[in-house]
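S.K.:
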Amino acid sequence: MHYQTRFCPHCATALAPIVQLEDGGEKERLRCPSCGWTHWNNPTPVLAAIVEVDGKVLLARNALWPQKMFALITGFMEAGESPQEGIARELKEETNLDAQSVALVGAYEFLRMNQVIIAYHVVATGEVRLSPELVDWRLYDLHELKCWPAGTGYALADWLRTRGHEPVFFTAEENEERRRGLPKD
C-alpha cells in the first residue's frame with residue numbers, strides 16, 4: 001500500500017500539482033496553493049545489514065512475507081543517529097544480536113519504494129531472539145546464498161564478490177515463486 005501526501009502539513013490546504021522554477025528549471029510538484037509549502041517527495045534512506053555470525057550470513061523472514069522469502073535485516077534511520085548506529089540498533093531490535101563491526105558495502109536504489117538503501121556488512125555476536133516483526137531466520141554458508149534482483153540482493157551480490165564468491169541470482173521463475181503471496185504494487 002502506498003500512501004500519498006494530499007494536504008499541506010502547515011495549513012491543511014489540499015495540495016495541487018503546481019509548476020515552479022527551481023534550480024534545474026521548471027518542475028511540477030505537489031505544492032500548497034495557500035502557503036507555498038512544497039512536497040519534495042525525496043527518497044527515504046533505508047539501512048540494510050549483511051549479518052555475519054560465526055562466518056555464516058543470517059537471513060530472516062518478515063512476518064508479512066511468504067514462507068520461502070528470506071532477506072537481509074533492514075530498517076529506517078532515526079533522527080539523531082548515524083547510519084552505522086542505526087543499523088546496529090536495528091540489528092539489536094530485530095534479532096537481539098550485537099554488532100561487533102560495521103563496514104559500508106554501498107548505496108543501492110529501490111525506486112519502486114522511493115528508497116535509497118545503505119547496506120553494511122555487520123559482524124555480530126549473541127543469541128538470536130527475533131522481534132515480532134520477524135518470524136524465522138537461517139544461517140547460510142556463503143556458497144549457499146542466492147541473490148534476488150532488487151536493492152538488497154544487489155548489495156549481497158557485491159559483498160559476496162569481495163569475499164571471492166561469484167554471486168548466483170534467483171532465476172525469474174525462482175524469484176516469482178519466493179515472492180508468491182506478496183501484494184502487487
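Counting in the UniProt record's numbering, the sequence shown runs from 1 upward without gaps. Note that the Cβ used here is the ideal one computed from N, Cα and C, for glycine as well.
1. So what's A119 in DSSP terms, helix, strand or just coil?
2. Does the region 91-110 come within contact of the region 173-184, defined as at least 3 CB pairs closer than 8 Å?
3. From what residue to what residue does the alpha helix (DSSP H) around T95 run?
4. Helix, strand or coil for Y140? Go by DSSP, reduced to three states.
5. So the candidates are V53, A119, Q4, V168; which of them puts its Cα closest to the Cα of V40?
6. In the structure shown, what three-state DSSP assignment does A79 receive?
7. When you compare the CB positions of L104 and L156, do they come within less than 8 Å of one another, or not?
8. Below 8 Å between beta carbons: does that hold for A119 and I50?
9. I need the straight-line Cα distance from T13 to R31, nearest angstrom please.
10. Would you report the Cα separation of D136 and I117, rounded to the nearest angstrom?
11. If you drop the 5 nearest sequence neighbours on each side, which residues of the same chain put their C-beta closer than 7 Å to that of V128?
12. Would P83 and L47 be called neighbours here (beta carbons separated by less than 8 Å)?
M.R.: Judging by the given coordinates:
1. Residue state, collapsed to three classes: strand.
2. Taking 8 Å as the limit for Cβ pairs, the verdict is that the region 173-184 does not touch the region 91-110.
3. Segment 83-95, the alpha helix (DSSP H) holding T95.
4. The answer is strand: DSSP assigns Y140 an E or B state.
5. What sits at residue 40 in the sequence shown is Trp, not Val. When only C-alpha atoms are compared, the closest one is Q4.
6. Looking at A79 - three-state DSSP - the assignment turns out to be coil, as it is neither helix nor strand.
7. In this structure, L156 does not lie closer than 8 Å to L104 by Cβ.
8. Yes, Cβ-Cβ distance for A119 and I50 is below 8 Å.
9. Straight-line Cα distance between these residues: approximately 10 Å.
10. Approximately 22 Å between the Cα atoms of the pair.
11. The beta carbon of V128 sits closer than 7 Å to the beta carbons of T95, N96, L97, W137 from its chain, once the five residues preceding and following it are set aside; these are given in chain order.
12. Yes.
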